[in-house]
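Colleague:
Numbering (full-length UniProt numbering), first residue to last: 1 to 69.
1. Looking at the C-beta of residue 53, does it have a partner C-beta in chain B at a distance below 8 angstroms?
2. First and last residue of the alpha helix (DSSP H) that includes residue 4?
3. Taking C-beta to C-beta, are residue 32 and residue 41 nearer than 8 angstroms?
4. Assuming residue 2 contacts residue 37 (C-beta within less than 8 angstroms), just tell me the rounded distance between them.
5. For the alpha helix (DSSP H) containing residue 29, list its first residue and its last residue.
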């Protein structure tokens, strides 16, 4: 079984990569309601926010490289 921190990261990717339907929202709410999961979710969100400047820069550089090619 995956740890809560691994599950939080999986949820983060899933929620950012897919369109949310009612089933996904319900499943996430159920997961979040479990003991300790809110804290792990907050950690995952903080990690995601710290990555945003790097991912923005990577996208910018890819765009410049494609335009130059």
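Every residue, glycine too, gets a C-beta built ideally from N, C-alpha and C.
Modeller: In this structure, then:
1. Among the protein chains of the structure shown there is no chain B, as only one such chain exists.
2. For the purposes of this step, residue 4 is taken as the residue at position 4 of the chain shown. Element bounds for residue 4: 4-17.
3. The residue you call residue 32 lines up with position 32 of the chain shown. The residue you call residue 41 lines up with position 41 of the chain shown. For residue 32 and residue 41, yes; Cβs fall inside 8 angstroms.
4. Here residue 2 refers to the residue found at position 2 of the chain shown. Here residue 37 refers to the residue found at position 37 of the chain shown. Actually they do not touch by this definition, with Cβ atoms about 12 angstroms apart.
5. Residue 29 sits at position 29 when you count from the first residue of the chain shown. DSSP places residue 29 inside the alpha helix (DSSP H), whose first and last residues are 22-32.
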